[in-house]
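Heads up: the structure comes next, in structure tokens.
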Amino acid sequence: DVTPIHRCALNTPSGVPVSFFVKREDLASPVYGGNKVRTLQHQLAVIESKYEAGDPRCANIHVMGTGGSNQVVATAVHARERLPKLTALWMDKDVPDLDNTLNMLSTLSMPLAAKFNWAEPLPV
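Numbering-wise (the working numbering), the sequence shown opens with residue 234 and increments by one.
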């Protein structure tokens, strides 16, 4: 899908008009948009193809992120109808704000293979 590009214009505080373009990645999908969908589009296609060819490694996919991860939500949304099992692995808790809370609730509302997987944070 092609995401629309909007032309925007505004005046700076000094009164100078400025115009710019905004690529609307939030409209990349009617289900769940955002910049993560671009990457997932190709990753999930490869996994789906391998799964359909009988590759046992693709029978249960794991996605990792923090508690409010957009990546986890986007993967859960876009993989749920294409792949048999998806397990979300949350590596650490996120800042308790509205966006992170909604992302966590959205992920938990998906039919995941396992709903509660808190892993240990990786040493950096």
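Glycine included, C-beta positions come from ideal geometry on N, C-alpha and C.
Pair within 8 Å by beta-carbon distance, residue i and residue j
| i | j | result |
| --- | --- | --- |
| G298 | K326 | no |
| L273 | A307 | yes |
| F254 | R240 | yes |
| G266 | N303 | no |
Run of the alpha helix (DSSP H) containing residue i, from where it starts to where it stops
| i | result |
| --- | --- |
| S282 | K269 to E285 |
| V328 | Careful: V328 lies outside any alpha helix (DSSP H) and carries neither H nor E. |
| A309 | N303 to A312 |
Run of the beta strand (DSSP E) containing residue i, from where it starts to where it stops
| i | result |
| --- | --- |
| L260 | Taken as a continuous stretch (DSSP letters only), L260 belongs to no beta strand (DSSP E), as it is neither H nor E. |
| C241 | I238 to N244 |
| G248 | No beta strand (DSSP E) holds G248; DSSP gives it neither H nor E. |
| L322 | L319 to W323 |
| G300 | Element bounds for G300: n/a, residue is neither H nor E. |
Neighbour flag for residue i against chain C, beta carbons, 8 Å
| i | result |
| --- | --- |
| A321 | Chain labels in this structure do not include chain C; a single protein chain is all it has. |
Whole-Å CB distance - residue i paired with residue j, under 8 Å assumed
| i | j | result |
| --- | --- | --- |
| L335 | I294 | About 23 Å separates the two Cβ atoms, so there is no contact after all. |
| V235 | V264 | Actually they do not touch by this definition, with Cβ atoms about 16 Å apart. |
| P246 | L260 | Going by Cβ atoms, the distance from P246 to L260 rounds to 30 Å, so no, they are not a contact pair. |
- prompt: Is the region 277–284 touching the region 311–323, taking contact as three or more C-beta pairs under 8 Å?
  reply: Result yes; three or more Cβ-Cβ pairs closer than 8 Å.
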